[in-house]
Each structure stands twice: as structure tokens, then as C-alpha cells.
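Single-structure report; data block below.
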Amino acid sequence: MKAKIEIPQDIITAIDYANTTNGGMSEPTLAVQQNEEGYEVKVKKAGVSADNFGLDVVNDRLWVYHFVDLFAERPEGLDNLKTAHTIGNLFLPNDVNVEEIVARFDAQANVLKISIPFNHAKRNFRRHIDIEKW
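Every letter in the sequence shown is one number past the one before it in my numbering, and letter 118, counting from 1, is 118.
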């Protein structure tokens, strides 16, 4: 007699998620270059359009990610759930202006270009602090 095994839906979801994120994905490339105006980050991920990229500044870090469909197939009428897949989590130095970060997607080259300008007011800041004697 065969035992009927029932697997809970949350375990199936976790397995499907792990298969999606850990297998069958192309490797992204992320390159950072410094120039006179600041830093330029180039991100390339095969099969990912501009709408599926995401950028967030969290404290002193730039989180670069793209969205991955959680399920391979969904019943009609239900939207596919998406999850974020991290491409990079870059440290932002003190001399950059986080308010002026811009990103542009070059559809022809399929490259996301992120410009991180310097904050020249903070650049090369130095101040001597006198020590008080008690």
C-alpha cells in the first residue's frame, strides 16, 4: 500500500522560489568606475527590462535588484507574485550626493547606467579639533 503524501502549499512555494532563484538564471554583471563627476555603475542582466530593475538607497548603501516571478505558472486571472533578486548592495561613501543619483536604461545595449555624483562640499573635508584640558 502506498502512502499518500500531502505537501503543504507554503513548502511548495518555498521549493518553487528556491528553484527559481538558485537555478536557471543568467549571471548579472555590475561594474563601478570613478570619474571626475562621481561614480558610474553599469549593470547588465540578460532578459531584464528597465521595468524590472529596482534601485533603493538604504542608509549608506545602494541596493540594485531586479524582480523575479515567484511562480512559473499561475492560474488565469491571478497576477504572478514577484520577489526581489539582489544584483548588488553597494556602499555609498560620504563624498557622494545621494539626492542626485540618477539611473538610465540603454535599451539598445541592455545596460542600466547609474550616475552617483560627488558632493563637492563634503569632498576632502578636514577639520582640526582642539582638545580641551580639564
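Even glycine gets a Cβ: it sits at the ideal position worked out from N, Cα and C.
Boundaries (first-last residue) of the beta strand (DSSP E) holding asparagine 89: Start at 1 with the first residue of the sequence shown, and residue 89 comes out as number 89. Looking at the DSSP string, the run of the beta strand (DSSP E) that includes asparagine 89 is 82-91.
Go ahead and label lysine 82 buried or exposed: buried means 16 or more other beta carbons lie within 10 angstroms of its beta carbon, across all protein chains shown. The residue labelled residue 82 in the question sits at position 82 within the sequence shown. By the neighbour-count rule (16 or more Cβ atoms within 10 Å), lysine 82 is not buried but exposed.
Could you spell out where the beta strand (DSSP E) holding serine 115 opens and where it closes? Here residue 115 is taken as the residue at index 115 of the sequence shown, counted from 1. Per DSSP, serine 115 belongs to the beta strand (DSSP E) from 111-117.
Lysine 135 - containing beta strand (DSSP E), residue span: Outside the modelled stretch of the chain, which goes from 1 to 134, sits residue 135, for which no answer is possible.
What does the alpha-carbon distance come out to for the pair valine 96 and lysine 113? What you label residue 96 is simply residue 96 of the sequence shown in a count that begins at 1. What you label residue 113 is simply residue 113 of the sequence shown in a count that begins at 1. Cα to Cα, valine 96 sits roughly 16 Å from lysine 113.
When the Cα atoms are used, what is the spatial distance from glutamate 40 to valine 68? The count along the sequence shown starts at 1 and reaches residue 40 at position 40. The count along the sequence shown starts at 1 and reaches residue 68 at position 68. When rounded, the distance between both Cα atoms is 25 Å.
Take valine 102 as the anchor and find which of Val64, Thr86, Ala84, Gln108 has the nearest alpha-carbon. To locate residue 102, count along the sequence shown from 1; it is residue 102. Cα-wise, what sits closest to valine 102 is Val64.
Just to confirm my understanding: we take arginine 104, look at its own chain, exclude 5 residues before and 5 after, and list those with CB closer than 6 Å. What are they? Residue 104 sits at position 104 when you count from the first residue of the sequence shown. Answer for arginine 104: Lys113, listed in chain order.
Under 8 Å by Cβ, that's how I've got alanine 107 and alanine 50 pegged, so tell me the actual separation to the nearest angstrom. The sequence position of residue 107 within the sequence shown is 107, counting from 1. The sequence position of residue 50 within the sequence shown is 50, counting from 1. Right, the Cβ-Cβ distance comes to about 7 Å (below 8 Å), so this counts as a contact.
Of all the options Val48, Glu99, Ser26, which has the alpha carbon lying nearest to the alpha carbon of arginine 61? The residue given as residue 61 occupies position 61 in the sequence shown. The shortest Cα separation from arginine 61 among Val48, Glu99, Ser26 belongs to Glu99.
DSSP state of valine 48, grouped into three classes? Position 48 of the sequence shown, counting from 1, holds the residue named residue 48. Three-state DSSP puts valine 48 in coil, outside helix and strand.
Are the Cβ atoms of phenylalanine 118 and glycine 38 separated by less than 8 Å? Here the question's residue 118 lines up with position 118 in the sequence shown. Here the question's residue 38 lines up with position 38 in the sequence shown. Their beta carbons are under 8 Å apart, which means phenylalanine 118 touches glycine 38 by this criterion.
Opposite histidine 120 in the DSSP bridges: which residues? The sequence position of residue 120 within the sequence shown is 120, counting from 1. Residue pairing by DSSP leaves histidine 120 without any beta bridge partner.
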